[in-house]
Amino acid sequence: MTAPLLDLSGLRVTYPGRGFRARPHEVLHGVSLLAREGETLGIVGESGSGKTTLGRAVLGLVTPSGGHVRFRGRDITHASRKERRALARDIQVVFQDPYSSLNPALAVGDILSEPLTTQGATTREARDRIAELLDQVGLPKDAARRLPREFSGGQRQRVAIARALASEPSLIVCDEPVSALDLTTRARVLDLFVDIQRRTSVAYLFISHDLAVIRHVSHRVSVMRGGEIVETGDAGQVTSLPRHPYTQMLLLAAPVPDPVAQRERRQERHRLLARERAEPGAVERVEQGTDPGQFGS
Amino acid sequence: MSTAPSNATPARDQGDRHDPAEAAASRRSPLRRLLRDPQAVISAGILLVIVALGLLTPLITDHGPNQASLDAINADAGSHGYLLGGDKSGRDIFARLLSSVNTSVVAALIGTGIALAIGVAFGLIGGYYDRRLRAVTEWVFSLVMTFPGLLLLIVLLPVTNGDYRVTMMIFGVLLSPGVYRLVRNLVLSVRSELYVDAARVSGLPDRRILSRHILYTVRGPVVIATAFLAGASIGVQSGLAFLGVGPSTVPSFGAMIADGFTNFYEEPLQFLWPSLTLGVITASLVLLGNSLRDVLEGGRPEPSRITAPAPRPTTGLTTGAGSSGLLTVEDLALAYPTSSGELKEVVSGVTLSLEAGETLGLVGESGSGKTQTAFAILGVLPAEAVVTRGSVRLDGRELLGLSERELCGVRGRAVTYVPQEPMSNLDPSSTVGSQLVEGIRTTTPMSRREAGERALALLSRVGISDPRRVFASYPHQISGGMAQRVLIAGAVASRPLLLIADEPTTALDVTVQAEILDLLRDLRKELNMALLLVTHDFGVVADSCDRVAVMQQGEIVETGDVLDLFSAPRHPYTRTLLDSLLDENSARTDQPGVADESWQKEAR
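Below is the structure:
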């Protein structure tokens, strides 16, 4: 069997403490997970769970303090700048905020040509590819000449997706790519993500706090809490019939857009809370039973 | 996808207007905008003329600046071919003036050039690279900053041999810490921008990131600083020459002023010419710098406040069906002045009503005007907002048109507010407890001790397990969910009739959101309080609301019972919104890794 696309084992990330001689602060406590070619691995967790740091570690924007990041079997944990540049062809990113992820001073065409010329494309090749990319993400052709501020949030996110797709990567780290978008825009951008994956078999490491979003795009899901993965499994199972109490709680806390179903869900949540209060150790016991990093199926 | 024609909630993000004309205007190059600014054109014109005269000195006058003629001592203007007369040594004042311009220009170029070269280079390095390197550059520049500038230049006279060019080089070094700090701060603020991260992920080398992404943002403020640095350099060079530092053979404004000064009682004009020219040059530089700042940083002119036309209260006309409720908003419209001076409506004719103890969800996408409607009810619209028509009545009393003082009797008492961002609505400099006590004492007069006890009771009522600890904490010491509980405690302290909550859970995690929604539901029942819940989340609506009003582009398109709205939406926009929801059934079912080959070929 060939090596998996992305293989994280025992990944630890420590941020230096703030202030003089402050204690360093570990935000990832040994995270292990695997992502296959062409699949979407959803990472869901609340704020402070370390999900964004996980993505940044894969991208090389933070340096892990322990463990390994392997890409197609190659250890890239401490890849040099030069190796990173070669990797940029394969690993790309779409960030949450479509406002600050595009340089306001550069025209869309310049933003898109940057990753291409870095990889050695000529101006002419880049121009052809940009037209193709704009078409692929559903933006008009004249978009290349315009500045980011002339676009709405959803359109900017399409530009960011086009930039990520430019070098035909095999993995895109998507860090909350639809959280800043409106409801209708969000649905369209998510469909675009799925559509692009079907066409190009790019894999996504899709990070979000929203179970509904994760459910919509993921094949498999890992649930993070406090710098650890508490549950990994098939998307349908994790997001509908979670095994771990924390995931259950997360699922029940997310309100469903249906007044009747939501009333039931709320009552169920209150029951779970009452049970949890009566028997506080339940969470810990189940945690020891799970085996993070393994395929759920 | 639409271009979202009115994607603006003016109070929240002014910068997010998608007005194509405006966007095109701001896309116009800064140079073009500079040319439309009379102050910039005039000051730059004056400087150009002066510099050009300086460069053309040999053509304009046939006297050298140091060429003295004994019979021209204190000569009158026009005599001996001296346009402005002769000075006390019989030299041509006009020729000396022109040569002094050249000296000043050279001084400005050297001083500014050195300051910029050192300051920008090290500012980029110090700002972009890691903390250890920054510590070193920081220390060095702080040290340079402690040098007493003018004194040092005088003391170093034996080293510089009095050559003003060498002096200006040293002065450039002394000026560089200012530039360094400016650039370093700018770099620090853009370094963490996501587009810089994206460039790093693209594998761009540091040097390219610095030149392409970072230098671009730094450019504007540096251009502005340059104008002021040039002024400072000219000033210092003249000052030193005035003090007599350096050889007297170099014509300079400073030396000329010093000469004129000694001759002041005999020929006051000799003092006037150099002073005037020096003044005009430095003033032009400062004014040009200000114009540059306006063009590169300030951008658009502030919309001037337009006095609100008296709202047309519709009292008396509609004592019918809708007016029995606690809150009645009728035909409310409000507008903001655009930069062209016209009014742009953001809320157009909103009508809604709320019974006591009821929860109404005000739902819409960003820019729909839902927050503006809430602000109008609260009477906290920004100064430039204009309520063009409509009425807002609480318990039968018209709120629009009330004075600020009368409004204070309503706001915080009968109507209270819970914001979206709990953290930014707490003062970081004082404790949670003192802020609660202050709020309670403003609405209900009572002693500090009583108010403190009441605050503690409220804190435990909103589900805070250790109220004493939270009471004594500063906002940064508590979590976002906790801060929202604190704000809710403050909002219900006066037992309000109506609580307006603007996206109260959007900034919170789902588990915390569920708890806050539970809390709001319980409090509402307990106090028989009406709740106006502004939100974009249909899950929150389904969880907490009795009735729903759907807003789109400043208008309410549909109002109805929550069950009816979800089961049978009438308006197409509501249907679009509900269709965009990702529900339980939207789970992904296709298998990974099987890309459609035909698609793939087409994409290449």
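Sequences listed follow chains E and Z, in order.
Per our numbering, the first sequence starts with residue 185, numbered consecutively.
Per our numbering, the second sequence starts with residue 529, numbered consecutively.
Glycine residues also receive a C-beta, built at the ideal position from the N, C-alpha and C atoms.
Nothing here was measured: the structure is a model prediction, and the numbers come from that model.
*Inter-residue CB distance, A158(E) and S406(E) (contact presumed, cutoff 8 Å)*: With chain E running from 185 to 481 in the structure shown, residue 158(E) is simply not present.
*Measuring only between beta-carbons, confirm whether R399(E) sits less than 8 Å from chain Z.*
With a threshold of 8 Å between beta carbons, R399(E) makes contact with chain Z.
*If you compare alpha carbons, which of L854(Z), E912(Z), G885(Z) and G897(Z) is closest to P865(Z)?*
Among L854(Z), E912(Z), G885(Z) and G897(Z), the Cα nearest to that of P865(Z) belongs to E912(Z).
_Inter-residue spacing [alpha-carbon to alpha-carbon] between I260(E) and T674(Z)_ = Those two C-alpha atoms are separated by around 46 Å.
*Helix, strand or coil: how does DSSP classify L389(E) here?*
Three-state DSSP puts L389(E) in a strand.
*asked:* I believe L1026(Z) touches L862(Z) by the beta-carbon criterion, under 8 Å. Please report the beta-carbon distance rounded to the nearest angstrom.
replied: The C-beta separation of L1026(Z) from L862(Z) comes to about 19 Å, leaving the pair out of contact by the 8 Å criterion.
*In three-state DSSP terms, what is C936(Z)?*
The DSSP-derived three-state label of C936(Z) is helix.
_Short CB-CB distance (under 8 Å) between Y723(Z) and chain E_ = So, interface residue.
*Between the stretch 1062-1079 of chain Z and the stretch 881-899 of chain Z, are three or more C-beta pairs nearer than 8 Å?*
Of all C-beta pairs linking the stretch 1062-1079 of chain Z to the stretch 881-899 of chain Z, three or more are shorter than 8 Å, placing the two stretches in contact.
*Taking Cβ to Cβ, would you say G759(Z) is nearer than 8 Å to V814(Z)?*
Cβ distance < 8 Å, so G759(Z) and V814(Z) count as in contact.
_Members of the stretch 248-270 of chain E that neighbour chain Z once the beta carbon cut-off is set at 8 Å_ = For the stretch 248-270 of chain E, the set of positions with a beta-carbon nearer than 8 Å to some beta-carbon of chain Z reads R265, R268, R269 and A270 in chain order.
_Unbroken stretches of the beta strand (DSSP E), 3 residues or longer, contained in the stretch 356-401 of chain E_ = Within the stretch 356-401 of chain E, the complete beta strand (DSSP E) runs of at least 3 residues are 387-392.
*Are the stretch 359-379 of chain E and the stretch 336-345 of chain E touching, with three or more C-beta to C-beta distances below 8 Å?*
Cβ pair count under 8 Å is three or more, so yes.
*With 8 Å as the C-beta to C-beta threshold (strictly closer), list the residues of the stretch 420-431 of chain E near chain Z in chain order.*
Only those residues of the stretch 420-431 of chain E whose C-beta falls short of 8 Å from the nearest C-beta of chain Z are listed: G420, T423 and S424.
*In the DSSP assignment, what residue or residues form a beta bridge with K898(Z)?*
Residue pairing by DSSP places K898(Z) in no beta bridge whatsoever.
*Using 8 Å as the limit for Cβ to Cβ distance, is A458(E) near chain Z?*
Output row for A458(E): interface = no.
*Could you tell me the boundaries of the alpha helix (DSSP H) in which R917(Z) lies?*
Unbroken run through R917(Z) is the beta strand (DSSP E), V914 to L922; no alpha helix (DSSP H).
*At 8 Å on the CB atoms, spell out the chain Z contacts of D375(E), in chain order.*
The CB of D375(E) never comes closer than 8 Å to any CB in chain Z; the least such distance is about 10 Å.
*Could you tell me the distance, in whole angstroms, from the CA atom of L238(E) to the CA atom of V422(E)?*
Just so you know, the alpha carbons of L238(E) and V422(E) end up roughly 20 Å apart.
*Could you please give the first and the last residue of the uninterrupted beta strand (DSSP E) stretch that includes A1077(Z)?*
Here the beta strand (DSSP E) through A1077(Z) covers R1075 to Q1080.
*Quick one: grab the DSSP three-state call for P839(Z).*
With a pLDDT of 49 at P839(Z), under the threshold of 50, the predicted position of this residue should be treated as unreliable, and no value is reported.
_Distance cutoff 8 Å, beta carbons only. Does Q341(E) sit that close to anything in chain C?_
Of the protein chains in this structure, namely E and Z, none is chain C.
*Please check if any C-beta of chain Z sits within less than 8 Å of the C-beta of R311(E).*
For R311(E), no CB of chain Z lies under 8 Å from its own CB, so it is not counted at the interface with that chain.
*asked:* Is D1050(Z) close to chain E? Criterion is C-beta to C-beta, closer than 8 Å.
replied: Taking Cβ atoms only, chain E never reaches closer than 8 Å to D1050(Z), which makes this a no.
*Using the C-alpha atoms, what's the distance from Q1012(Z) back to A1035(Z)?*
Straight-line Cα distance between these residues: approximately 10 Å.
*Select from E721(Z), G647(Z), A645(Z) and I762(Z) the residue whose C-alpha is nearest the C-alpha of V629(Z).*
If we check each option's Cα against that of V629(Z), I762(Z) comes out closest.
*Looking at the C-beta of R220(E), does it have a partner C-beta in chain Z at a distance below 8 Å?*
With its beta carbon less than 8 Å from one in chain Z, R220(E) belongs to the interface.
*Examine the Cβ distances between the stretch 777-784 of chain Z and the stretch 654-662 of chain Z and report whether three or more of them are shorter than 8 Å.*
The answer is no - the stretch 654-662 of chain Z does not touch the stretch 777-784 of chain Z, with fewer than three Cβ pairs under 8 Å.
*From Q1080(Z), D604(Z) and I992(Z), pick the residue whose C-alpha is nearest to that of L794(Z); which is it?*
Rather than Leu, the amino acid found at residue 794(Z) in this sequence is Glu. When each option's Cα is compared against that of E794(Z), the closest is D604(Z).
*Hey, S233(E) and R409(E): beta-carbon distance below 8 Å or not?*
With contacts defined as CB atoms closer than 8 Å, S233(E) and R409(E) qualify as a contacting pair.
_Tell me which residues of the stretch 877-897 of chain Z have at least one Cβ-Cβ distance to chain E shorter than 7 Å, keeping chain order._
From the stretch 877-897 of chain Z, only E893 and S894 have a Cβ closer than 7 Å to chain E.
*Taking Cβ positions, are P443(E) and L1051(Z) nearer each other than 8 Å?*
Result no, Cβ atoms of P443(E) and L1051(Z) do not sit closer than 8 Å.
*Go to I345(E), then tell me how far its alpha helix (DSSP H) extends in each direction, as first and last residue.*
Annotation for I345(E): the continuous alpha helix (DSSP H) segment containing it runs G337 to L349.
*Among the residues of its own chain, which have a CB less than 6 Å from the CB of R453(E), if the five just before and after it don't count?*
If you ignore the 5 residues before and after R453(E), its C-beta comes within less than 6 Å of the C-beta of L436, all in its own chain and listed in chain order.
*Spell out whether any CB of chain Z is found under 8 Å from the CB atom of Q276(E).*
Yes - at least one Cβ of chain Z is within 8 Å of the one on Q276(E).
*asked:* Between which residues of its own chain and T307(E) is the CB-CB distance below 8 Å, once the five residues before and five after are set aside?
replied: Hits under 8 Å: S297 and T301.
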